[in-house]
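*Asks:* Structure incoming, see below.
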Amino acid sequence: MTTAPQELLKEYVQSQHFTSTAEIMTAMKEMFRDVIQTVMEVEMDEELGRERCQRSEMTSAPNYRNGYTKKTVKTQLGEVDIKVPRDRNGSFEPKIIGKYSRNADGMEEKILALYSCGMSQRDIAEQIKELYDVEISPELVTKISEKIMPEVVAWQNR
159 MTTAPQELLK EYVQSQHFTS TAEIMTAMKE MFRDVIQTVM EVEMDEELGR ERCQRSEMTS
219 APNYRNGYTK KTVKTQLGEV DIKVPRDRNG SFEPKIIGKY SRNADGMEEK ILALYSCGMS
279 QRDIAEQIKE LYDVEISPEL VTKISEKIMP EVVAWQNR
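Just so you know, we're using this note's numbering here: the sequence shown kicks off at 159 and counts up by one.
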């Protein structure tokens, strides 16, 4: 993961033919929203112990996904509307943006750094720890990375 994110970013910029900084800011807001959504979905997968639409192997009453709640988050790029996943038991609290948090100033640099710098799994975990003061497992970092890269490629090719 050394230069691949920079090359993907370069290809994306060349394909979009931006004509103003406003268009760039809009694209960055959309990318930020998509990345945050993906990270929260991965967190929900970790919470439930399975991916979306998979059945639980537990015999007791398992917890399930229960739609989304809308939330507007203030960022340095402006306000971004996101959908926060919910679970039936109400026990899921996203770590990337806290349950009652509405401010994500400075988060864009951290998220975009994951792509542009080609950081290792350990570096990503350290960045998240530094930003959110939350310990996450290496497995979660791996799952987030695996889920985000196809999302970035799909977003770039639209």
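Note that the Cβ used here is the ideal one computed from N, Cα and C, for glycine as well.
If the criterion is Cβ atoms closer than 8 angstroms, does the pair valine 231 and arginine 260 meet it?
*Replies:* Yes, Cβ-Cβ distance for valine 231 and arginine 260 is below 8 angstroms.
*Asks:* If the criterion is Cβ atoms closer than 8 angstroms, does the pair methionine 189 and proline 252 meet it?
*Replies:* No. Outside cutoff.
*Asks:* Would you tell me roughly how many angstroms separate the C-alpha atoms of alanine 312 and valine 242, rounded to the nearest one?
*Replies:* C-alpha separation (whole angstroms): 21 angstroms.
*Asks:* Taking the alpha carbon of isoleucine 255 as the point to measure from, which residue in Ile282, Asn315 and Arg191 has its own alpha carbon closest?
*Replies:* The residue with the shortest Cα to Cα distance from isoleucine 255 is Arg191.
*Asks:* Count the other C-beta atoms from every protein chain shown that fall within 10 angstroms of the C-beta of phenylalanine 176, then say buried if there are 16 or more, exposed otherwise.
*Replies:* Counting Cβ neighbours within 10 Å, phenylalanine 176 comes out exposed, since fewer than 16 surround it.
*Asks:* Have a look at glutamate 186 and leucine 235 and give me their C-alpha separation to the nearest angstrom.
*Replies:* Here the sequence assigns methionine to residue 186, which means glutamate is not the residue at that position. C-alpha separation (whole angstroms): 8 angstroms.
*Asks:* Give the range of the beta strand (DSSP E) segment to which isoleucine 240 is assigned.
*Replies:* Unbroken beta strand (DSSP E) run through isoleucine 240: 236 to 245.
*Asks:* The alpha helix (DSSP H) with arginine 191 in it runs from where to where?
*Replies:* It spans 179 to 206 - the alpha helix (DSSP H) in which arginine 191 sits, taken as one unbroken run.
*Asks:* At which residues does the beta strand (DSSP E) containing arginine 223 begin and terminate?
*Replies:* Arginine 223 -> beta strand (DSSP E) spans 223 to 233.
*Asks:* Out of Asn221, Glu205 and Gln195, which has the shortest C-alpha to C-alpha gap to lysine 228?
*Replies:* The shortest Cα separation from lysine 228 among Asn221, Glu205 and Gln195 belongs to Gln195.
*Asks:* Exposed or buried, glutamate 284, counting other C-beta atoms within 10 Å across all chains shown (16 or more means buried)?
*Replies:* Exposed is the call here.
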